[in-house]
Amino acid sequence: MFTSVLMIEKALTSADVEFVTTLHGDEEVAFHVLLQPRGDQADRLLRAIDDVALGELDEAAHEREVPEGDEAAGQGRQALEVSLVALRSAGSEAAGRLIEDHPLDALKVLVEEIDADEVIVLTDPHYVEEFFHRDWASRARHKVGVPVLKLFSHSKA
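Here is the structure:
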């Protein structure tokens, strides 16, 4: 069985689930999902710049409304559960946990703990962080010792 760590920031859409569960053809895949809610990541300004770069001006104007802290954790737990159910429904094994701080440290520990074959980072685009190679995938490539695949979420959850 192939073991993938899947890093996400929101609930997986059906298109996302189909995409990640078919990446390895007919090979069985076990997913270990790490979710850090968007509100617990970059500051509001970076998120707003990303929204503007994507042409989502309304989203940029509402970044101050993105849940942070305990509220983000509550929504994150729900998004994680929805994602795990969807992965299992697609025929994959799936377990997961919510990350509150230091996502790359948690990633490194998990990769070593489960002897992962790969890391898949599936997020919306984060142009500012990607430009400076400060996004999860770019930083993880130097930290985890397994292949890191960066994918963009197919649609809004």
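Counting the sequence shown from 1 gives a position; my numbering is that position plus 76.
Built from N, CA and C at the ideal position, the CB exists for glycine as well.
Owing to the predicted nature of the structure, the values given are computational and were not obtained by experimental measurement.
Bridge partner(s) assigned by DSSP for residue i
{"i": "LEU111", "result": "ILE84 and LEU174"}
{"i": "ALA106", "result": "THR79 and GLU169"}
Span of the beta strand (DSSP E) around residue i
{"i": "VAL195", "result": "194 to 199"}
{"i": "VAL224", "result": "224 to 228"}
Per-residue burial, residue i [other beta carbons within 10 Å of its own, 16 or more giving buried]
{"i": "PRO113", "result": "buried"}
{"i": "SER90", "result": "exposed"}
{"i": "ALA137", "result": "Low confidence applies here, because ALA137 scores a pLDDT of 49, under 50, leaving its location unreliable and the question unanswered by this model."}
{"i": "ALA87", "result": "buried"}
{"i": "THR98", "result": "exposed"}
{"i": "VAL185", "result": "exposed"}
Span of the alpha helix (DSSP H), counted from its first residue to its last, around residue i
{"i": "ARG217", "result": "First-last for ARG217: undefined, no H or E at that position."}
{"i": "ASP181", "result": "179 to 190"}
{"i": "THR97", "result": "90 to 97"}
Residue i: CB within 6 Å of a non-hydrogen atom of the ligand ATP
{"i": "SER168", "result": "The model depicted lacks the ligand ATP and carries no ligand whatsoever."}
**Asked** Okay, do the region 162 to 170 and the region 86 to 105 touch, 3+ Cβ pairs below 8 Å being the bar?
**Response** yes
**Prompt:** Taking contact to mean at least 3 C-beta pairs separated by less than 8 Å, is the region 150 to 160 in contact with the region 212 to 227?
**Reply:** no
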